Amino acid sequence: MPPTLYHAPMSCSTVCRMAAALYDVELRLELTDFKPKEIGSGGTLFDVHPLGTFSALSHPQEGLLVEPANVLLWIQAQAAPELLKPPWAVLRWLSFCATELHKALLWPVVNGAAPITAHAERRLGYLESVVQENLLEDQSAADAYLT
């Protein structure tokens, strides 16, 4: 049985679903309602993961993998482990996407807590300059997260 990805459309689990499709990694999707965290087959995401956060991937042998960067690295390692070298390059961009884009910029804007500011402009300008030079030489989990 394939691992189960607890997925809510438009949550950060979407990038894990995209990466699995990109790398042709089979996952069982368990649709989960974003706000109440209700799982389609019953129970809540809190029953699976105490923080109730996306991304959560339940793996029969490896247990529960959480956080998008961790799940993305696992997905990439299944199909294209050679793209994890050097690992610090992939980790750099996964971390940038998670902290500087997702948590610092997108989450406050999506939730109406903050407008786009100079803080955002600096990060997006930096990202634009790097993307023009190619984020990484090959497709990686970081490219999927950035998308």
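Take any residue in the sequence shown, count from 1 to its spot, add 13: that is its number in the working numbering. Note that CB positions come from ideal geometry on N, CA and C, so glycine has one too. All figures in this text were calculated on a predicted structure; none of them were measured in a lab.
Bounding residues of the beta strand (DSSP E) (the contiguous stretch that carries residue i)
i	result
Ala69	69 to 72
Leu58	Here Leu58 belongs to no beta strand (DSSP E); instead the alpha helix (DSSP H) covers 58 to 61.
Glu43	41 to 44
Leu18	17 to 20
With 16 other Cβ atoms within 10 Å as the buried cut-off, status of residue i
i	result
Pro81	buried
Tyr139	exposed
Asp60	exposed
Ser153	buried
Val144	exposed
Glu43	buried
Val122	exposed
Thr45	buried
DSSP state of residue i mapped onto helix, strand, coil
i	result
Thr27	helix
Leu35	helix
Leu159	helix
CB-CB length for residue i against residue j, believed under 8 Å
i	j	result
Tyr36	Leu107	That belief does not hold up - the Cβ atoms of Tyr36 and Leu107 are roughly 15 Å apart, past 8 Å.
Val28	Leu85	7 Å
Ala33	Ile88	5 Å
Leu118	Arg136	6 Å
Exercise. At what residue ranges does the segment 68 to 143 contain a whole run of the alpha helix (DSSP H), taking only runs of 4 or more?
Worked result: With a minimum length of 4 residues, the continuous alpha helix (DSSP H) runs that stay inside the segment 68 to 143 are 81 to 92, 100 to 108, 120 to 123.
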